[in-house]
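**Student:** Protein chains in written order, with my numbering: chain A, 310 to 488; chain B, 446 to 798.
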Amino acid sequence: MGVNLFEGSKHLVKSREEAFEALFKSEYARVAGIANRVLADPHEAEDVAQEVFINFHRLHSASAQFAPAWLHRAAAHTALNRLRGRRRREKREQAQAPEEASRTVDPQRMLEVNEDRRTVRAALARLAPKPAAVLVLRASGLSYAEVAEALGVGTGQIGTLLRRAEAALRKEVTRGTSI
Amino acid sequence: MFDDPDALTSSDRRHYAGCPDCQARYAGMAEDARAVATLLATPDVKVDAASAFQRIQAEPAAKPRFGFTLPILRPASRTMFAGLAASALLVILVATAFANVLPFFQPKTVEAVPFQVTDIQALSALGDYGTVMWSQQPQPQVVLSAADAKTIAGFNAPVAKYVPAGVSSTVTYAAMPKAVAVFTFDSSKAAAAAAKTGKSLPALPKGMEGAKLTVTVGPAILEVYGNLKANTNSSSQDINLPQLVIAESSAPVVTSSQVTAKQLENYILSIPGISKELSAALKAIGDPSTTLIIPIPIQYATSTSVTVQGVHGVAVGDNTGLGSGVIWIKGNLFVVAGPLRQSEVVKVADNLR
């Protein structure tokens with residue numbers, strides 16, 4: 310009898326691990342994509358994605374219905390938080406710029422691209438968390454319904470939120486380049 | 446609208462065709478949307494999910510401690526509150542496993558013990574000396590009503606006669622049938638742990654091989670006040686923190702087979718190679734009394750002794766003044782906690798029926 314109980318428990322543990330693995334494999338690319346949209350840095354984006362999955366696994370069951378929405382939201386917020394750690398980011402970009410430039414045929418163009426990216430990321434970091442998350446999630450290919458679920462708002466609000474966020478980002482970018 | 450063609454109904458479309466204002470606004474929005482799409486364009490990140498999965502599997506933090514997850518706490522992962530609740534649950538479980546009474550131990554009162562989070566993590570090293578298994582997994586579930594919670598837990602959900610002003614009247618009920626964990630001592634694992642230090646296992650007392658400790662927690666009912674779906678989108682730091690949480694659970698019960706819990710604890714403490722942290726954790730919770738140890742993370746909280754419903758209880762106050770809780774045993778184990786002042790929490794507790 311006791312042995313059967315233990316076996317049952319083992320199966321539960323195993324199925325929980327399997328559920329997590331399935332969730333990881335189906336959502337990892339998207340979670341890393343969201344983080345990359347914010348950070349424009351694939352290595353750091355994967356770092357964020359792994360941190361997000363580890364946090365999720367420590368706290369929640371992979372079979373929970375809210376799992377994908379939780380992961381998308383956490384990816385956006387974790388990446389945005391990192392972006393706001395401005396000093397660290399600036400250091401990294403300075404180190405990375407010559408490396409990227411050396412790989413391109415047109416170093417001048419690459420410098421411009423890096424400068425644009427830095428300006429856009431700085432503007433994104435200045436936005437309030439919700440508009441920033443709406444922009445990033447939508448730009449990462451999530452549907453209106455998926456963005457709404459990740460942020461816990463009604464699908465009907467997403468259009469308005471998105472429009473306001475787009476206008477706000479453009480304004481911030483303009484402000485950043487005119488300083 | 447710009448990127449969602451279905452957003453317009455046919456009547457909207459007719460209006461739009463003849464309204465220059467709407468057309469101008471649309472042109473502005475479309476321009477914003479196109480500009481932002483360009484601004485946020487990044488090269489695709491190429492990932493290898495299989496190898497990424499292997500990397501995080503190698504990370505010990507990826508595994509839920511003691512195989513326990515908290516499906517009802519949703520994303521409150523970074524709050525002190527969730528940390529407190531999770532560590533309290535875990536330590537209640539493990540602390541009782543090493544109490545010093547045979548055939549069973551049932552705490553009648555509570556006592557606070559400050560601990561370092563690392564001490565508690567050291568307890569997972571118990572797996573080096575045997576197996577820890579859930580013979581009945583904790584299966585907390587969200588239910589629709591107090592009546593449903595009663596059906597699962599077998600006792601009435603507590604009713605708060607006093608709720609501080611400003612606390613939402615929306616209550617979410619969760620309930621959990623009893624859960625049973627079993628620790629089975631395994632001399633071959635213990636010998637392997639001892640061998641790492643180049644020493645052999647001390648002689649096994651009679652009955653030690655295969656000795657079991659069975660810990661039963663719950664059934665339990667949890668009531669969460671606050672609209673958990675509202676205000677969840679501002680940032681990951683201030684997401685759906687409950688306004689008030691009330692929990693009632695049967696006090697945990699531990700039974701042992703073949704040897705007493707104290708004998709088992711003493712024997713594990715005598716095995717060569719036991720870490721200083723695990724040894725300290727075991728000694729701290731092996732207090733030979735019928736007292737339930739309430740762990741208070743040193744860096745987060747202070748605790749005081751209070752009287753609740755005429756019995757001794759422990760009140761936990763967050764150092765920042767942002768949250769507090771009170772824990773007591775009166776037949777069952779009760780917890781009231783929330784981002785409130787301590788006096789309010791105690792008043793809620795005193796008026797619980």
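Note that beta-carbon positions come from the ideal geometry of N, C-alpha and C, so glycine has one too.
State the beta-bridge partners of A782 of chain B as determined by DSSP.
**Tutor:** A782 of chain B pairs with B:V690 and B:G770.
**Student:** Give the DSSP bridge partners of I666 of chain B, in chain order.
**Tutor:** DSSP output for I666 of chain B lists B:A620 and B:E693 as bridge partner(s).
**Student:** Which runs of the beta strand (DSSP E) spanning at least 3 residues fall entirely within the segment 332-396 of chain A, listed in chain order?
**Tutor:** Whole beta strand (DSSP E) segments, 3+ residues: zero.
**Student:** Is the beta carbon of L658 of chain B less than 8 angstroms from the beta carbon of L709 of chain B?
**Tutor:** For L658 of chain B and L709 of chain B, yes; Cβs fall inside 8 angstroms.
**Student:** Would you say I501 of chain B faces chain A, with C-beta separation under 8 angstroms as the test?
**Tutor:** True, the Cβ-Cβ gap to chain A drops below 8 angstroms.
**Student:** Give me the DSSP bridge partner(s) of S702 of chain B.
**Tutor:** B:K657.
**Student:** Does the beta carbon of E330 of chain A sit closer than 8 angstroms to a beta carbon anywhere in chain B?
**Tutor:** So, interface residue.
**Student:** In its own chain, which residues sit with a C-beta less than 6 angstroms from the C-beta of L689 of chain B, not counting the 5 before and 5 after it?
**Tutor:** These residues qualify, in order along the chain: V612, Y670 and G783.
**Student:** For T617 of chain B, which option in B:A626, B:T629, B:F630 and B:A602 has the closest C-alpha, if you only look at C-alpha atoms?
**Tutor:** Taking only the C-alpha atoms, the option nearest T617 of chain B is B:A602.
**Student:** Buried or exposed: Q359 of chain A, going by 16 or more other Cβ atoms within 10 Å of its Cβ?
**Tutor:** Classification of Q359 of chain A: buried, given that the 10 Å Cβ count is 16 or more.
**Student:** Can you check DSSP and say which residues form a bridge with K606 of chain B?
**Tutor:** DSSP, once it has assigned bridges, lists no residue as partnering K606 of chain B.
**Student:** Does chain B have any CB closer than 8 angstroms to the CB of R472 of chain A?
**Tutor:** Judged by the 8 angstroms Cβ criterion, R472 of chain A is in contact with chain B.
**Student:** Quick one: what's got a C-beta closer than 8 angstroms to H366 of chain A's C-beta in the same chain, skipping five residues either side?
**Tutor:** Within the same chain, H366 of chain A has close Cβ partners F329.
**Student:** Any beta carbon from chain A within less than 8 angstroms of F628 of chain B's own beta carbon?
**Tutor:** F628 of chain B does not count as touching chain A.
**Student:** At a Cβ cut of 7 angstroms, what residues of the segment 337-357 of chain A count as close to chain B, listed as they run along the chain?
**Tutor:** Listed by position along the chain: Y337, A338, A341, G342, N345, R346, A349, P351, A354 and E355.
**Student:** Starting from the beta carbon of V492 of chain B, find every residue of chain A whose beta carbon is closer than 7 angstroms, and list them in chain order.
**Tutor:** Within 7 angstroms Cβ-Cβ: Y337, A338, A341 and E355.
**Student:** Below 8 angstroms on the Cβ atoms is my guess for A638 of chain B versus Y574 of chain B; work out the distance and round it to an integer in Å.
**Tutor:** Sure, about 6 angstroms apart at Cβ, within 8 angstroms.
**Student:** Give the range of the alpha helix (DSSP H) segment to which G473 of chain B is assigned.
**Tutor:** Here the alpha helix (DSSP H) through G473 of chain B covers P465 to L484.
**Student:** To the nearest angstrom, how far is the alpha carbon of R346 of chain A from that of G463 of chain A?
**Tutor:** Cα to Cα, the separation comes out at about 23 angstroms.
**Student:** Quick test of your reading: V771 of chain B and V753 of chain B, contact by CB under 8 angstroms. State the CB separation rounded to the nearest angstrom.
**Tutor:** That belief holds up - the Cβ atoms of V771 of chain B and V753 of chain B are roughly 6 angstroms apart, short of 8 angstroms.
**Student:** Which class does T454 of chain B belong to by DSSP, given the choice of helix, strand or coil?
**Tutor:** T454 of chain B: coil per DSSP, three-state reduction.
**Student:** Can you tell me whether E424 of chain A is buried or exposed? The criterion is at least 16 other CB atoms within 10 Å of its CB, across all chains shown.
**Tutor:** Burial call: exposed.
**Student:** Bridge partners of L470 of chain A, per DSSP?
**Tutor:** According to DSSP, L470 of chain A bridges with nothing at all.
**Student:** Run through the DSSP bridge pairs and tell me what L797 of chain B is partnered with.
**Tutor:** BP columns for L797 of chain B point to B:A605.
**Student:** Looking only at its chain, what residues have a beta carbon closer than 8 angstroms to the beta carbon of R393 of chain A, apart from the 5 residues adjacent to it on each side?
**Tutor:** Same-chain partners within the cutoff: A434.
**Student:** Contact criterion: CB-CB distance below 8 angstroms. Does S455 of chain B meet it with respect to chain A?
**Tutor:** No, S455 of chain B lies away from the interface with chain A (no Cβ there is under 8 angstroms from its Cβ).
**Student:** Measure the alpha-carbon distance for R325 of chain A versus E353 of chain A and round it to whole angstroms.
**Tutor:** Taking the straight line joining both Cα atoms gives about 28 angstroms.
**Student:** So, is N676 of chain B buried or exposed, given that buried needs 16 or more other C-beta atoms within 10 angstroms?
**Tutor:** Because the pLDDT of N676 of chain B is 42, which lies under 50, any placement of that residue in the model is unreliable, and the question is left without a value.
**Student:** Tell me whether the beta-carbon of R391 of chain A lies closer than 8 angstroms to the beta-carbon of A459 of chain A.
**Tutor:** No, the pair does not count as a contact, with Cβ atoms beyond the cut-off.
**Student:** Quick one: what's got a C-beta closer than 7 angstroms to A372 of chain A's C-beta in the same chain, skipping five residues either side?
**Tutor:** A small correction: the amino acid at residue 372 of chain A is Ser; Ala does not occupy that position in the sequence shown. The answer, listed in chain order, is A328.
**Student:** How long is the line joining the alpha carbons of E336 of chain A and P377 of chain A, rounded to whole angstroms?
**Tutor:** When rounded, the distance between both Cα atoms is 7 angstroms.
**Student:** Are the beta-carbon atoms of I666 of chain B and A692 of chain B separated by less than 8 angstroms?
**Tutor:** Yes, the pair counts as a contact, with Cβ atoms nearer than the cut-off.
**Student:** Could you tell me whether the Cβ of L689 of chain B comes closer than 8 angstroms to any Cβ of chain A?
**Tutor:** By this cut-off, L689 of chain B is not an interface position.
**Student:** Compare the C-beta of E458 of chain A with all C-beta atoms of chain B and state if any pair is closer than 8 angstroms.
**Tutor:** No, no contact with chain B.
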